[in-house]
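Colleague: Below: one structure in structure tokens.
2 protein chains.
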Amino acid sequence: MEELVVIKVGGNIIDNEDALKSFLTDFSAINKHKILIHGGGKIATEISKGLGIEAQMVEGRRITDAETLKIVTMVYGGLINKNIVASLQTKKCNAIGLTGADGAVVVANKRPIKNGIDYGYVGDIKEVKSSVLTTLINAGFTPIIAPLSVDENGSLLNTNADTMASEIACAMSKQYKVSLVYCFELQGVLRDFEDKNSVINEINPGTYNQLKEEGVISKGMIPKLDNAFDAINKGVDAVIIAHADHLLAIINEQKKLGTVLKK
Amino acid sequence: MEELVVIKVGGNIIDNEDALKSFLTDFSAINKHKILIHGGGKIATEISKGLGIEAQMVEGRRITDAETLKIVTMVYGGLINKNIVASLQTKKCNAIGLTGADGAVVVANKRPIKNGIDYGYVGDIKEVKSSVLTTLINAGFTPIIAPLSVDENGSLLNTNADTMASEIACAMSKQYKVSLVYCFELQGVLRDFEDKNSVINEINPGTYNQLKEEGVISKGMIPKLDNAFDAINKGVDAVIIAHADHLLAIINEQKKLGTVLKK
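From first to last, the protein sequence lines are chains V and H.
So the first sequence is residues 3 to 265, counted in my numbering.
So the second sequence is residues 3 to 265, counted in my numbering.
Structure below.
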């Protein structure tokens, strides 16, 4: 089986011009098949504010109304995605930018109203058409995917980028040996949040339960890790949570940096 | 040689929800290989206004400054392109949305300052990589292209959609028998602008000169037709200027509607 690296890069890096540039230089140098899923960052919020559209929140969760859907389609699918693609093209990476609508690669259901909360145009992923991505990869393209899915009525849907990355990694693991890398601004999962060097090098389902019982793993991290173990159970070879600066060392030099999740 | 239809649809149709829906239904029913190039429409101007960015004009021409480039990247490359793609996917057309940056399919030079006018981030097309489009078509995709090109520094550039369509048609004519169709809101090139039924059915270089001498073809139409004849000289089989409503009749039923330009 050929190797494929599915990488998620989040808003903190997208928002920082220098960090993004450096990340894309590293990404382009990865010597394996690769797919990038990018998050949104603050740009959408800024554009919304500029247009006088107020972010609607219900119980701390953002609601995607029709106007907000337009904004995220513009910003995620247009501005961020196409600038990443254009930048990668100068770095000899033959990038092609996609949303879930392109080739209907990520089909979702509009999230039903739950406990009286209507999240609006938010997608819960139903199917990733791995054949679309495989076709593009075999044709020499590197897919760059914005966090938008499409439903069967042709509506774009705002979709969590972490979930997009994990669902894509799972679907691709039928044809590839897949590593899923979450790049962020910390060195990995930390044993002590105050100590940036307290990275937990490896977590397996046994140690994960132990770490949760000890209270070492904080609440915010639990959904991310649950998601990651779910991906592993569905066929992904490894999930790595690491600092964006370490991406190349981890992939090209097989250095043990960040936190590796394995079966 | 297999046939390929390259279709340009303009802002007037993009701006009208019903007209666009009807156009996309027809487009999806075309029984040949096809590529769509779409214009911008008024949405970019509305979003710019909303954000307080004033359109800069010099001698009647719009200047694309850095803020305007962001807007057109969002609106053309994101909002319009991805909504067209999502809609076509519901009509069994396996659309994939592209800008010139994706696969570096349309590479341009930033227009140099001419007669003291700096047009800003505007692209003059240098190269269309037809192999990228052929690869996508052979893989079963229908390319939907926004009027944005990319330069060698990785900057996106605002690009005239008519020119995009004609350059793409020319490049594709190496591998396909290409018809280039400009869809707009009139029945074709009119002999008498007041009489909507005075469509000139066919123009060749000889009759074109005559029509220009007679003053039948108006100033505004001349650059469009020059462009069209240029495409024919570069290998495009036919250029058709027609009402969007006649697209299917022209292509699938070979009906003689609109104005056909031939050698």
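Cβ coordinates follow ideal geometry from the N, Cα and C atoms, glycine included.
If we count the other Cβ atoms within 10 Å of its Cβ and call it buried at 16 or more, is A88 (chain V) buried or exposed?
Modeller: The residue in question, A88 (chain V), is buried, as its Cβ has 16 or more Cβ neighbours within 10 Å.
Colleague: With 9 Å as the threshold, decide whether the Cβ of A2 (chain V) is near any Cβ in chain H.
Modeller: Chain V is shown from 3 up to 265; residue 2 (chain V) falls before or after that span and cannot be answered.
Colleague: What in chain H is Cβ-close to A106 (chain V), meaning under 8 Å?
Modeller: Those within 8 Å of A106 (chain V) in chain H are Q91, N96.
Colleague: The alpha helix (DSSP H) with I32 (chain H) in it runs from where to where?
Modeller: Here I32 (chain H) belongs to no alpha helix (DSSP H), and DSSP marks it neither H nor E.
Colleague: What span of residues does the beta strand (DSSP E) with P225 (chain V) cover, start to end?
Modeller: Segment 223-235 is the alpha helix (DSSP H) holding P225 (chain V); no beta strand (DSSP E) there.
Colleague: Report yes if the C-beta distance between H245 (chain V) and F195 (chain V) is below 9 Å; otherwise report no.
Modeller: Their beta carbons are not under 9 Å apart, which means H245 (chain V) does not touch F195 (chain V) by this criterion.
Colleague: State yes or no: is the beta carbon of E154 (chain H) nearer than 9 Å to at least one beta carbon in chain V?
Modeller: Interface residue, yes.
Colleague: For Y210 (chain H), does the three-state DSSP call read helix, strand or coil?
Modeller: Note: Y210 (chain H) maps to helix in three-state DSSP.
Colleague: Looking only at its own chain, which residues have a Cβ that is under 6 Å from the Cβ of Y270 (chain V), when we skip the five neighbours before and after it?
Modeller: Only positions 3 to 265 of chain V appear in the structure, and residue 270 (chain V) is not among them; the question remains open.
Colleague: Report back the beta-carbon spacing between S30 (chain V) and L90 (chain V) to the nearest angstrom; my notes put them in contact at under 8 Å.
Modeller: That belief holds up - the Cβ atoms of S30 (chain V) and L90 (chain V) are roughly 6 Å apart, short of 8 Å.
Colleague: Are the Cβ atoms of D164 (chain V) and A110 (chain V) separated by less than 9 Å?
Modeller: Going by C-beta atoms, D164 (chain V) is not nearer than 9 Å to A110 (chain V).
Colleague: Find the residues of chain A that neighbour L53 (chain V), judging by a C-beta separation of less than 9 Å, and give them in chain order.
Modeller: This model lacks chain A altogether, as its protein chains are V and H.
Colleague: Is P149 (chain V) closer than 9 Å to L42 (chain V) when the C-beta atoms are compared?
Modeller: Residue identity differs from the one stated: residue 42 (chain V) is Gly in this sequence, not Leu. Their beta carbons are under 9 Å apart, which means G42 (chain V) touches P149 (chain V) by this criterion.
Colleague: How long is the line joining the alpha carbons of A68 (chain H) and N18 (chain V), rounded to whole angstroms?
Modeller: Using only the alpha carbons, I get a separation of about 18 Å.
Colleague: If we call anything under 9 Å between Cβ atoms a contact, is I242 (chain H) one with Y184 (chain H)?
Modeller: Yes, the Cβ-Cβ distance between I242 (chain H) and Y184 (chain H) is below 9 Å.
Colleague: Between the C-alpha atoms of I224 (chain H) and G260 (chain H), what's the straight-line distance to the nearest angstrom?
Modeller: When rounded, the distance between both Cα atoms is 17 Å.
Colleague: Tell me whether the beta-carbon of A173 (chain H) lies closer than 9 Å to the beta-carbon of L135 (chain H).
Modeller: Against a cut-off of 9 Å, the Cβ pair of L135 (chain H) and A173 (chain H) comes out as a contact.
Colleague: If you drop the 5 nearest sequence neighbours on each side, which residues of the same chain put their C-beta closer than 6 Å to that of I37 (chain H)?
Modeller: Contacts found: V8, P145.
Colleague: Using a C-beta cutoff of 9 Å, does A68 (chain H) count as contacting chain V?
Modeller: For A68 (chain H), the answer is no, since every Cβ of chain V falls outside 9 Å of its Cβ.
Colleague: Can you confirm whether F25 (chain H), when its beta carbon is compared against all beta carbons of chain V, has any partner nearer than 9 Å?
Modeller: So, not an interface residue.
Colleague: Beta-carbon separation of N206 (chain V) and L263 (chain V) under 9 Å?
Modeller: Contact: yes.
Colleague: Hey, V201 (chain H) and V191 (chain H) are a contact pair by Cβ (cut 8 Å); roughly how many whole angstroms apart?
Modeller: Yes, V201 (chain H) and V191 (chain H) are in contact; Cβ-Cβ is about 7 Å, under 8 Å.
Colleague: Evaluate D20 (chain V) with the Cβ neighbour count: other Cβ atoms within 10 Å of its Cβ, from every protein chain shown; 16 or more gives buried, anything less gives exposed.
Modeller: Classification for D20 (chain V): exposed.
Colleague: When the distance is taken between beta carbons, is I15 (chain V) closer than 9 Å to I170 (chain V)?
Modeller: Contact flag unset, no.
Colleague: Taking DSSP's pairing of strands, which residues face L150 (chain V) in a bridge?
Modeller: V:N160, per the DSSP bridge assignment.
Colleague: Taking Cβ positions only, does F29 (chain V) come closer than 9 Å to chain H?
Modeller: Cβ-Cβ to chain H under 9 Å: no for F29 (chain V).
Colleague: Specify the secondary structure class of D126 (chain V) as computed by DSSP and reduced to three states.
Modeller: Correct three-state label for D126 (chain V): strand.
Colleague: Tell me whether N83 (chain H) is buried or exposed, calling it buried when 16 or more other Cβ atoms sit within 10 Å of its Cβ.
Modeller: Looking at its Cβ environment, which holds 16 or more other Cβ atoms inside 10 Å, N83 (chain H) is buried.
Colleague: Per DSSP, what kind of secondary structure is L188 (chain H) in: helix, strand or coil?
Modeller: DSSP places L188 (chain H) in coil when its eight states are reduced to three.
Colleague: Between N85 (chain V) and chain H, is any beta-carbon pair separated by less than 9 Å?
Modeller: Taking Cβ atoms only, chain H reaches closer than 9 Å to N85 (chain V), which makes this a yes.
Colleague: Nearest CA to the CA of K214 (chain H): which residue from H:I234, H:R193, H:K265, H:G99?
Modeller: Per the Cα distances, H:R193.
Colleague: For M59 (chain V), does the count of other Cβ atoms within 10 angstroms reach 16, so buried, or fall short, so exposed?
Modeller: When all chains shown are included, M59 (chain V) counts as exposed.
Colleague: Please decide whether G79 (chain V) counts as near chain H, where near means a Cβ-Cβ distance under 9 Å.
Modeller: Yes - at least one Cβ of chain H is within 9 Å of the one on G79 (chain V).
Colleague: Would you check if there are 3 or more beta carbon pairs closer than 8 Å linking the region 70-83 of chain V to the region 61-80 of chain H?
Modeller: With a cut-off of 8 Å, the region 61-80 of chain H and the region 70-83 of chain V count as touching, because enough Cβ pairs lie within range.
Colleague: Keeping to the same chain, check which residues put their C-beta closer than 7 Å to that of K94 (chain H); ignore five residues upstream and five downstream.
Modeller: Only S30 meet the Cβ criterion.
Colleague: What residue range does the beta strand (DSSP E) around L53 (chain V) cover?
Modeller: Run containing L53 (chain V): none; DSSP gives neither H nor E here.
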